[in-house]
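So the structure is just underneath, and the comments pick up after that.
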Amino acid sequence: MRISIGCDHIVTEIKNHVADYLTKKGHKVIDNGTYEKERTHYPIFGRKTAEKVVLGEADLGIVICGTGVGISISANKVKGIRAALVGDIETARYAKQNLNANVLAMGGRILGIGMIEDAIDVFLETIYEATPENKALISKIDSIPMSEEAINANHMFDEFIEKWDKGLYQD
C-alpha cells in the first residue's frame, strides 16, 4: 500500500519511526516532511499529505502533530479527505469501517508509540463496509458546503432537526 505521511516539527522523530515501521511492513511511504526539528507549521504538511491521497499518488494518509487536532483540521480542508483524529483502536476501526476515512490523524504527544502502531495496523487492516447507511452518511458529510455564502444561507439540516424535534430518531 502507498501511504502518504506528514508531521510538524514537534513530532519529527515519531513520524520517522512510523515511516520505518510502515516500510518494514512492506508499504511504500511518501514522506511529505517535515524533516527537521526547526519550527514549522502543521497546515503545510497536513495539506501536502492529504493532496497525495486525493490525487491518487497514495492510497491512504497518516498525519501527526502534538495533539493531532491542528493537522487533522488542515488535512480535512482538502476536498475529498476524511481525516479522522483517533486516540484509541476502536475509533481507528470505526473511522475506516463506517466512514471510509482516508487519513489517520494522531497526537504524537498524546499517544505512546505502541498505541500509534496499533492504531495504524487496525486502520490499514480494516475494510470499509459500504452499507447504504454508511454511504448516506458519507454523502451527507461530503455535501456540507464550505463557502461563506453557503454557510450563511444554509438550512440543509432543517429536515433532520424537524425529525429530531418530533422524536423520530431513536437510539
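Every letter in the sequence shown is one number past the one before it in my numbering, and letter 3, counting from 1, is 18. No residue lacks a Cβ here, since even glycine has one placed at the ideal position from N, Cα and C.
Can you tell me which of Thr146, Met16, His56 and Pro147 puts its alpha carbon nearest to the alpha carbon of Lys40? Taking the first residue of the sequence shown as 1, we reach residue 40 at position 25. Of the listed residues, the one whose Cα sits closest to Lys40 is Met16.
Under a Cβ-count criterion, where at least 16 other Cβ atoms within 10 Å of its own Cβ denotes burial, should Ile29 be classed as buried or exposed? Walking along the sequence shown from the start, residue 29 turns up at place 14. Flag for Ile29 reads buried.
Considering only the alpha carbon of each residue, which of Met130, Ile142, Pro160 and Asp136 lies closest to Gly102? Here residue 102 refers to the residue found at position 87 when the sequence shown is read from its first residue. Measuring from the Cα of Gly102, the nearest candidate turns out to be Met130.
On the DSSP bridge assignment, give the partners of Arg17 in chain order. Along the sequence shown, read from residue 1 onward, the residue named residue 17 stands at position 2. Arg17 is bridged to Lys43.
Short Cβ contact (8 Å threshold) for Ala65 with Ile18: Mapped onto the sequence shown, residue 65 falls at position 50. Mapped onto the sequence shown, residue 18 falls at position 3. In this structure, Ile18 does not lie closer than 8 Å to Ala65 by Cβ.
As a quick exercise: from Thr106, Glu51, Lys94 and Leu183, pick the residue whose alpha carbon is nearest that of Pro248. This structure leaves residue 248 out entirely; the chain is present only between 16 and 186.
Does DSSP put Ile166 in a helix, a strand or coil? Numbered from its first residue, the sequence shown carries residue 166 at position 151. Legend: pLDDT at Ile166 = 48, less than 50; position of this residue unreliable, value from coordinates given subsequently. In the structure shown, Ile166 sits in a helix (DSSP, three-state: H, G or I).
Indicate whether Val78 and Ile86 have their beta-carbon atoms separated by less than 8 Å. In the sequence shown, the residue the question calls residue 78 occupies position 63. In the sequence shown, the residue the question calls residue 86 occupies position 71. Yes.
Under DSSP, the beta strand (DSSP E) around Ile77 begins and ends at which residues? If you number the sequence shown from 1, residue 77 lands on position 62. From DSSP, the beta strand (DSSP E) with Ile77 extends over Leu75 to Cys80.
Short of 6 Å in beta carbon distance, which residues of its chain neighbour His32, apart from the five on each side in sequence? Order them along the chain. The sequence position of residue 32 within the sequence shown is 17, counting from 1. Closer than 6 Å at Cβ, skipping near neighbours: no residue.
Who are the near neighbours of Thr67 in its chain, counting only those whose CB is closer than 6 Å to its CB and skipping five residues on each side? What you label residue 67 is simply residue 52 of the sequence shown in a count that begins at 1. It is Lys, not Thr, that sits at residue 67 in the sequence shown. For Lys67, where only same-chain residues beyond five positions count, the Cβ hits under 6 Å are Ser19, Ile45 and Ala73.
In its own chain, which residues sit with a C-beta less than 8 Å from the C-beta of Ala34, not counting the 5 before and 5 after it? Taking the sequence shown and counting its residues from 1, the one referred to as residue 34 is at position 19. Closer than 8 Å at the Cβ level, and outside the excluded window around Ala34, lie Ile20, Val44 and Asp46.
For Gly81 and Ala107, the rounded distance between their alpha carbons: Working through the sequence shown from its first residue, we reach residue 107 at position 92. Working through the sequence shown from its first residue, we reach residue 81 at position 66. Cα-Cα distance, rounded: 18 Å.
Cutting at 8 Å between CB atoms, please list the residues of its own chain near His24, excluding the five before and the five after it. Position 9 of the sequence shown, counted from the first residue, corresponds to residue 24. Excluding residues within five positions, the ones whose Cβ falls inside 8 Å are Thr49, Glu51, Lys52, Glu53, Arg54 and Thr55.
Under a three-way DSSP split, which group does Asn101 fall into? Position 86 of the sequence shown, counting from 1, holds the residue named residue 101. Note that residue 101 corresponds to Val in the displayed sequence, not to Asn. Val101 falls in the coil class under three-state DSSP.
Please state whether DSSP places Val118 in a helix, a strand or coil. Taking the first residue of the sequence shown as 1, we reach residue 118 at position 103. Three-state DSSP puts Val118 in a strand.
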